[in-house]
Amino acid sequence: DLNGERFGEYVRDVMTQQMQGQLPPGMALDAPPQFASMTGTGELWIDADGLPRRQIIDFALPEISEQYDTSTHMVIDYRDFGQIDSIGVAVPDGAGGWRLDQQLTAALKTGEIGLRLSVEALSLLAVLGLCLAIIAYRRRRTVYIAIAATMIALFVTGPLLQAQRVVRFQTHQAEAAAEQVPITAADLGINDDRQQAAQKMA
Numbered sequence: 493d494l495n496g497e498r499f500g501e502y503v504r505d506v507m508t509q510q511m512q513g514q515l516p517p518g519m520a521l522d523a524p525p526q527f528a529s530m531t532g533t534g535e536l537w538i539d540a541d542g543l544p545r546r547q548i549i550d551f552a553l554p555e556i557s558e559q560y561d562t563s564t565h566m567v568i569d570y571r572d573f574g575q576i577d578s579i580g581v582a583v584p585d586g587a588g589g590w591r592l593d594q595q596l597t598a599a600l601k602t603g604e605i606g607l608r609l610s611v612e613a614l615s616l617l618a619v620l621g622l623c624l625a626i627i628a629y630r631r632r633r634t635v636y637i638a639i640a641a642t643m644i645a646l647f648v649t650g651p652l653l654q655a656q657r658v659v660r661f662q663t664h665q666a667e668a669a670a671e672q673v674p675i676t677a678a679d680l681g682i683n684d685d686r687q688q689a690a691q692k693m694a
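For the sequence shown, the numbering used here assigns the number 493 to the initial residue and increments by one for each residue that follows.
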């Protein structure tokens, strides 16, 4: 059985992750209220290897708007799922052809991880060096002035930057909402007697 509240929380978490870096500090998304009343069932077919082959989902959203309710039947077929662990890297085989080298793929992945770690280590080392320099020269007047000026600048510009991010986020959301095309009853194949009467009178 589908749990509408948990699904709404999942959608909220996915949207929060997708909008990471766009949301202003202190702003959080809520779960869509329409999902709280969602009900439904589902089943997942598994093959002999334990891999998914088919998923069937039926769900209903009552009172999605004032005009209609929503019910959906979905069938999802999976194929070629989990068959290839890694395709490797193409390397010359020495006889004029090419072959896939799995070990080289693993080495490249290890190198990427090592590069990421080395960048983080250098950043940490730079911050540590800056802290040591501040401690060593803390009694000098120039260091005191530099620290005070930096803190004042952070306290003044922080709220301004946060307000700018809120305005930019709201502008982006308004533009995205303006680009959406509203769904009418005619789009859904629903005959609206009021619209037909208005068309006849016109």
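Even glycine gets a Cβ: it sits at the ideal position worked out from N, Cα and C.
| Among residues of its own chain, excluding the 5 on either side of Phe499, which ones have a beta-carbon nearer than 7 Å to its beta-carbon? | Result list for Phe499: Phe527 and Met530, in chain order.
| Using CA coordinates, which residue listed in Leu646, Gln665 and Asn495 is at the minimum distance from Asp550? | Ranking Leu646, Gln665 and Asn495 by Cα distance to Asp550 puts Asn495 first.
| task | Determine the DSSP secondary structure at Leu614, reduced to helix, strand or coil. | result | The answer is helix: DSSP assigns Leu614 an H, G or I state.
| request: Locate the beta strand (DSSP E) running through Gly534, then write down its first and last residues. | output: Start and end: Thr531 to Ile538.
| request: Select from Gly650, Ser557, Ser615 and Leu543 the residue whose C-alpha is nearest the C-alpha of Arg571. | output: When each option's Cα is compared against that of Arg571, the closest is Leu543.
| said: According to DSSP, Val567 sits in a beta bridge with which residue or residues? | reply: Ile548.
| field | Contacting residues, own chain, Cβ-Cβ under 6 Å from Gln510 (five flanking each side not counted) | value | Result list for Gln510: empty, nothing under 6 Å.
| field | Backbone CA spacing between Gln514 and Asp505 [nearest angstrom] | value | When rounded, the distance between both Cα atoms is 14 Å.
| Inter-residue spacing [alpha-carbon to alpha-carbon] between Leu617 and Ile627 | Roughly 15 Å separates the two Cα atoms.
| query | In whole angstroms, what separates the C-alpha of Arg657 from that of Gly518? | reply | Between Arg657 and Gly518, the C-alpha separation is close to 11 Å.
| message | At the level of alpha carbons, what is the spacing between Val635 and Leu614? | response | Whole-angstrom Cα-Cα distance: 24 Å.
| said: Gly534 and Gln547 - do their beta-carbons sit closer together than 8 Å? | reply: In this structure, Gln547 lies near Gly534, with their beta-carbon atoms less than 8 Å apart.
| task | Out of Leu624, Ala641, Asp569 and Pro516, state which residue places its alpha-carbon closest to the alpha-carbon of His664. | result | It is Pro516.
| message | If you follow the alpha helix (DSSP H) that Asp505 is in, where does it begin and where does it stop? | response | Asp505: member of the alpha helix (DSSP H) spanning Gly496 to Gln510, first to last residue.
| Buried or exposed by the 16-neighbour rule on C-beta atoms within 10 Å, applied to Leu622 | Its Cβ having fewer than 16 others within 10 Å, Leu622 is exposed.
| said: If you measure between the beta carbons of Val503 and Pro524, is that distance less than 8 Å? | reply: Annotated as proximal: Val503 and Pro524, with beta-carbon spacing under 8 Å.
| request: Take Gln512 and list the residues in its own chain whose beta-carbon comes closer than 7 Å to its own, dropping the five residues that flank it on each side. | output: Contacts found: none.
| Where Leu624 and Ala640 are concerned, what is the direct C-alpha to C-alpha distance, given to the nearest angstrom? | Straight-line spacing of the CA atoms in Leu624 and Ala640 works out to 17 Å.
| said: Within a Cβ cutoff of 6 Å, which residues of the same chain sit near Thr562, ignoring the five residues on either side of it in sequence? | reply: Hits under 6 Å: Leu553 and Ile556.
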